[in-house]
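Novice:
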Amino acid sequence: MSAQMLSGRRAWWLAGFFLLLLNSAYLGAFATASAFYYAQVTLHIVGGAVLGVTALRFLVRHRAVPDGWGIAAGPLLVALVTGAALTWTGATRPWRWLLYTHIAASVLGVLPVLLGLLVRPFGRRAARESRLGDAALPGATLMRVAVVVTLVAMVGSIVYVSRHGAVRRASYRIQNPAVVPTSMFEEGAGPNGPFFPSSANTNRNGVIPSNFFMTSKDCARCHKEIYDEWNESAHHFASFNNQWYRKSIEYMQDVVGTQPSKWCAGCHDHAVFFNGRFDTPIKQQIDTPEAQNGLSCTSCHAITHVGSSMGNGDFVIEYPPLHDLAVSDQPLLRWAHDKLLALDPQPHRETFMKPFMTEQTSEYCSSCHKVHLDVPVNGYRWIRGFNDYDNWQASGVSGMGARAFYYPAKSSGCGDCHMPKVASTDPSAKDGRHKSHRFAAANTALPFVNGHANQMKAVQSFLKDGQVSVDVFGLVRTPGGQVLEERQLAGAEPRLNSTFAVGEESMHFGAGSAVVTTPVEVVAPLDKAQPALRRGESVRLEVVVRTRKVGHFFPGGTVDGHEVWVELEAVDSKGRTIMHSGKVADEGRGRVETGAHFYKSLMLDAEGNPINKRNAWAARSVAYVRLVPPGAADTIHYRLDVPPDAGDTITLTARINYRKFNWWNTQWAFAGVRDPQHRDVRLSKDYDNGRWVFTGDTSKVSGKVKEIPNLPITVMAESRTTLKVVDATAPLPADAPVVTQAVRERWNDYGIGLLLQGDLKGAEGAFLKVTQAEPGYADGWVNVARARLNEGNVDGATQMLQRALTIDPRLAKTHFFLGQAARALGDYDTAITHLREAARQYPRDRVVRNQLGRVLFLKRQYAAAITEFKVALDVDPEDLQAHYNLMLCYQGMGQTDLAARERTLYERFKADESAQAITGDFRRLNPDDNNERQSVHEHRTFTPFPADAASSGQTTVATSAPAAPPTRLGPAPRRAAAPARPTPLAARAPSPAKVESPE
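Using our numbering, the first residue of the sequence shown is number 48, and each one after it goes up by one.
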């Protein structure tokens, strides 16, 4: 270029060129969803087009490239062509390669020109040679300034972009609070916030218009495939378009008012909640579009901050800029929005895809998939509700747990399982796939009543995809009915006040006691050992359930509201069913027999009535809770009495059945009304002893099915084996367990199930079989040590751990349990060495941190101990052990104020042991539930359904309990004090005539 370029139109062109470069630097650095930004996008297109066309006219007219621009002509021509193409295609992910080509060509073309302009002489000699003479000098100076400013802007843009990702991730990172709330009044925006007691809030700390949550169809203009998936998902039907949820909230508001129900609305009812209308009972607005809206696209994607992993809707949601333009009633404005978004989708992406959505997915999901209740909701105290986060975080599935029984090949989070990648042509698709927004998990009820076949297929396929397995594993020739001794586990700790199970986030996986059993020979695996049965013999069958692809407890979610049970059926060669546990009444359409092995939480209200109306706010005690941790197992015992006239073979079939929701709750949700014959109803926020009849009008229920639905039962896993039967006097073939490497894992699963139910001797025997089957499997020796440590046999455990250490010196769980053994022996320095090695490998295992802190506390190294306990609280601010030990540390240091605060937190989260008195009458009246409560127990064939006689349709109220309790293997029921106001729990089982009690 020469000084001639500084004159006339060429000077204006050059000025436009510099402005376009500055515009590009701005667009590259600041992807903000604002009118100004998109004005710059428009100017970029218009300016590039004008400059490009005029440059092409110059080339055509002069048939020459200006001096100094020759090397740049090719790249700039590519930039011009790709820029023109982008105005047509947009810069969405499928066309990202075109955008990168445009940027690369622009940089390759612009840099030589700018550097050339910077070093080219523009002194007096050059000016005299030009037609302008000395008049060109100011212009030359101005050009140099422009070049320098442009280069600085471009470099600054690159530097900003290089740091932007890290800065953005840090600013949106989910971090637990350093100061733990001592009550629900300190959570969220507090009692003066508009949405209390939910922790959810808006960025303006006030209401936002409901239409913000009612515009998902507008998202479908670009994301049609994703919209269609969401449209059938449980998220879409999370509000009052879900009859089960609708009935529970209507009931809740009738009993305790609207304010406590906001605790639910923060995660379920955004369109009718964030607009400030939840103070009005939902019955008065049930037919409004807001109430029937469900969770929308913006319910998740407009969240800008998650305050912690404590759940309860601890997030902030923002009404984003340009949303009104996106959903405008004016077609031209909508077109302009969509076109600009396609041209530069980065602001849209950064607005609706925060870093925590992909990098901290599980913490993000925990905001609604982990809950606790407290005084503002239940009028009682803090109590853990359902919790799908903590057990995942502490497990091997997350890759953060040091003590898992099994580890997957690759750690995974919520989105890896529930949002799998599917083939896609969506603009957001990467490599032809996007994350499914069906959120397939376990809810088969909603697609059933809504007629969504694709969603039903997705959910049932997910349930059947090897999530769990069942194994008809073994046989024990021992009589039933023993009463066994139960005692506390060695090293037992205070228990969290929870209606949910506790897994690897506790020292003993939630096991609270040990059961002293007599060692027995287990003939297993049955399909390999092939033992025979004698006619007239009574044997114990061992069935093992294993979680394989489940990242949290199985089942998860609201485990008081659905039915998951193991069914075992024994059929002889004559076709006769000789044993059946887990049978379903009414040919599979009714309730499950009460003697089945269930996976659920059976909560009770203050008068011992079951929590069966999703009324968790009334829960005061737990009769039992049984769930299977991720990467773990449960062992179930069945009693099989072989008839004297049994056939020549008996086929045993075990199934894991899943029904969402449970039978009673479905009847109640669709047609439940108060029994008009029950006049002495006692009802308060603490209890409800009223009977219900299922005769209500179903014509206006939510969903397409306008009657009580017959919900599907999904068989998640099945196992079958056949055994020979011989005469009572015939000699049996030698019973010998098969112990080979091929069955090592099955023995290990069996032992895990026994260990978690407290059968320490049985578990030790199974794990010794594991070491025999595969001596080089370090976990086998570690698991033997686990059983011995729980029993208090520290020396025996240490021997096993030393064997494991020689096999795998780095195995973190070995170091952890060696630390436990050393601590028990008083060798604190050795304990610290081993525990620090476990913590080095798994820095976010809070049990490791707590145990390390405990040993440091015992050495009176209070400051170091406090550091460890605070690390544990960074993982979970509600960790009971950390608060207990911090209280002791601060007391030891004389810091009474801090000690008092930690005591308050400890007492807030600690279990209310006296609440178990509530279970006394219930357990006496319900022997099957009492049997299930025992950590080690047996199941027999089902007791005939009390209401079977009413199958013809006669109105019958069933009796309170089966005729006779099953024989159990386990401790005798311990009598508990009766509740203050005992309630006769009559009519526990419903009749098909739709007459029912509290259950």
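Here a beta-carbon is modelled for each residue, glycine too, at the ideal position from N, C-alpha and C. As the structure is a computational prediction, the values presented were derived from the model and not from experiment.
1) I want to know whether the segment 121-141 touches the segment 388-395 - three or more CB-CB distances under 8 Å.
2) Taking A338 as the reference, give the member of A383, Y797, I296 and E533 with the closest Cα.
3) Does the distance between the C-beta of E540 and the nearest non-hydrogen atom of the ligand COA fall short of 8 Å?
4) Report the option in R623, N662, I799 and S749 whose CA atom is closest to the CA atom of D692.
5) In terms of alpha-carbon separation, which member of A72, E410, E838 and L952 lies closest to A539?
6) Grab me the residues of W1070's own chain with a C-beta within less than 7 Å of its C-beta, minus the 5 sequence neighbours each way, in chain order.
7) Quick one: grab the DSSP three-state call for W739.
8) Nearest CA to the CA of A859: which residue from R215, R450, T398 and D361?
9) Does the count of Cβ pairs from the segment 357-376 and the segment 256-263 closer than 8 Å reach three?
10) Can you tell me whether R970 is helix, strand or coil according to DSSP?
11) Have a look at the DSSP bridge pairing and note the partners of R210.
12) Which first and last residues belong to the alpha helix (DSSP H) in which R702 is found?
13) What does I755 pair with, by DSSP beta-bridge criteria?
14) N662 and Y298 look like a contact to me (Cβ under 8 Å); what is the Cβ gap, rounded to whole Å?
15) With a threshold of 8 Å, are at least 3 pairs of Cβ atoms found where one atom belongs to the segment 278-292 and the other to the segment 494-513?
16) If you measure between the beta carbons of V983 and K808, is that distance less than 9 Å?
17) Considering Cα atoms alone, identify which of D806, Q804 and G798 is closest to V829.
18) Going by Cα to Cα distance, which pick from D727, Q867, A80 and L106 is closest to E397?
19) Tell me Q535's beta-bridge partners as DSSP assigns them.
20) Just to confirm my understanding: we take G94, look at its own chain, exclude 5 residues before and 5 after, and list those with CB closer than 8 Å. What are they?
21) Which residues mark the beginning and the end of the beta strand (DSSP E) in which L779 is found?
22) In terms of residue numbering, what span does the beta strand (DSSP E) encompassing E616 cover?
23) Looking at C-beta atoms only, is the number of pairs between the segment 884-904 and the segment 842-861 that lie closer than 8 Å three or more?
24) Output the distance between the C-alpha atoms of A871 and R896, rounded to the nearest integer angstrom.
25) Can you tell me where the alpha helix (DSSP H) with V319 in it begins and where it stops?
26) Mark L651 as exposed unless 16 or more other C-beta atoms lie within 10 angstroms of its C-beta, in which case mark it buried.
27) Would you be able to state if there are at least three C-beta pairs under 8 Å between the segment 692-704 and the segment 761-769?
28) Given this structure, state the Cα-to-Cα distance separating K309 from Q331, to the nearest angstrom.
29) Out of S414, T745, I658 and V199, which has the shortest C-alpha to C-alpha gap to K732?
30) Using a Cβ-Cβ distance cut-off of 9 Å, determine whether G827 contacts chain E.
31) For I364, does the three-state DSSP call read helix, strand or coil?
32) Give every residue of the same chain whose Cβ lies closer than 7 Å to the Cβ of A789, excluding the five residues on either side of it in the sequence, and list them in chain order.
33) What do you get for W710, buried or exposed, if any count of 16 or more other CB atoms within 10 angstroms of its CB means buried?
34) Quick check: the Cα distance between C2 and S508, rounded to an integer number of angstroms?
35) Just how far apart, CA to CA, sit L802 and I333?
36) Does the distance from the C-beta atom of H644 to that of W612 stay below 9 Å?
Specialist: Reading off the structure:
1) yes
2) I296
3) Questions concerning the ligand COA fall outside what the structure shown contains, since it holds no ligand whatsoever.
4) R623
5) E838
6) Residue numbering for the chain in the displayed model covers 48 to 1046; residue 1070 lies beyond these limits and cannot be assessed.
7) Of the three classes helix, strand and coil, the one that applies to W739 here is strand, per DSSP.
8) R450
9) In short, these stretches touch, since the Cβ pair count reaches three.
10) helix
11) In DSSP, R210 forms no bridge with anything.
12) Premise fails: R702 lies in the beta strand (DSSP E), T696 to R706, not in any alpha helix (DSSP H).
13) According to DSSP, I755 shares a beta bridge with no other residue.
14) Right, their Cβ atoms sit about 7 Å apart.
15) Taking a contact to require three or more Cβ pairs closer than 8 Å, the segment 278-292 and the segment 494-513 qualify as touching.
16) no
17) G798
18) Residue A80 holds the alpha-carbon nearest to the alpha-carbon of E397 among D727, Q867, A80 and L106.
19) S560
20) G63, L66, L67 and N70
21) Note, L779: premise wrong, no beta strand (DSSP E); not H, not E.
22) E610 to D619
23) yes
24) 17 Å
25) H317 to F320
26) buried
27) The segment 761-769 vs the segment 692-704: in contact.
28) So the alpha carbons of these two residues sit roughly 16 Å apart.
29) I658
30) Checking the listed chains, one finds no chain E in this structure; it contains a single protein chain.
31) strand
32) none
33) buried
34) Beyond the ends of the chain as shown, which are 48 and 1046, falls residue 2; an answer cannot be given.
35) Between the alpha carbons of L802 and I333 lies a distance of about 49 Å.
36) Contact: yes.
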